[in-house]
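Below is one structure, written out as structure tokens, with a few remarks after it.
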Amino acid sequence: MKKTVPVGCEMTGLVLAGGRSSRFGSDKSHVVLHGAGNMLAWSCALLASLPGISRVALSCRPDQVEELHGAASLLIPDESSGPPSPLRGLVAALKRTGEPVFAIPCDLPLMTADILSLLIRARQSRLEAPSGPVPLLRTTFIDSDGFLDSLIGIYEKESLPFLEDALAHERWGVWSAIPAGGNCLVPRPDSPAFLNMNTPEDFEHALSLLKAGKRDMR
């Protein structure tokens, strides 16, 4: 059973699925690893299991809409001009939903609800604390080298102007779009859960870890 969260902490779960999968060689969102649907269906179910998620949406390209019809409660195609990018997907989702979004890519076959819940708890604590000069804009993971895992994160409604500004100036790196004071940064666990399935070799590696029962590395 999902745990409840205080009123005002609800958010839309967002699966980023608009990439071209160029390095993988085919649409990796259709890969079946878990015996319970493809990566899109599995990613949607993972987000839906989290506390505070009011609905799950898919960020996609306009040419994917017909193919993905019914795959989630809400499809959010990026209708803006230019190449597809996670930044465009986040902007479109925040505009469409009018509420915070918890975004994950569609290629995290080893991710767990326990790890994603770390962000929810950190966000809730930050929201309950006295506000600083910069409001909370994003909650995401940071690794030991200072790298922000910004495609796995909770983006507040107030982050939209900053993301739009980055988009307008073609600063495609989502990690740099948010001012430092607006981040709630959670130390990233040392876990295979963060494996991105970018290539066929990544797929084989993820499959071997799943078969070995090493998915849950909290």
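Residue numbers 1 to 218, in UniProt numbering, belong to the letters of the sequence shown in order. Beta carbons are placed, not taken as given, at the ideal position from N, Cα and C, and that holds for glycine. These numbers come from a predicted model, not from an experiment.
As assigned by DSSP and simplified to three states, the class of residue i
i, result
"T199", "coil"
"I178", "coil"
"G213", "coil"
"G37", "coil"
"S125", "helix"
"S159", "helix"
"L110", "coil"
"S131", "coil"
"G98", "coil"
"G173", "coil"
"G89", "helix"
DSSP beta-bridge partners of residue i
i, result
"M11", "I53"
"L74", "A57"
"N183", "R138"
"L16", "S59, P105"
Neighbour-count burial assignment, residue i, 16 or more Cβ in a 10 Å radius
i, result
"V134", "exposed"
"G153", "buried"
"F147", "exposed"
"S43", "buried"
"S59", "buried"
"D78", "buried"
"E156", "buried"
"A17", "buried"
"P109", "buried"
"A57", "buried"
"D107", "buried"
CA nearest to the CA of residue i, picked from the options
i, options, result
"L151", "A206, G98, D78, N196", "N196"
"L160", "P192, G98, L74", "G98"
"S85", "A166, P130, P100", "A166"
"I142", "S131, P100, R188, N183", "R188"
"F162", "Y155, L136, I178, R88", "I178"
"L87", "D114, P100, A168", "A168"
Cβ of residue i within 7 Å of any chain D Cβ
i, result
"P109", "The structure shown contains no chain D, having only a single protein chain."
The region 110-129 in contact with the region 172-181 per 3-pair CB rule at 8 Å: no
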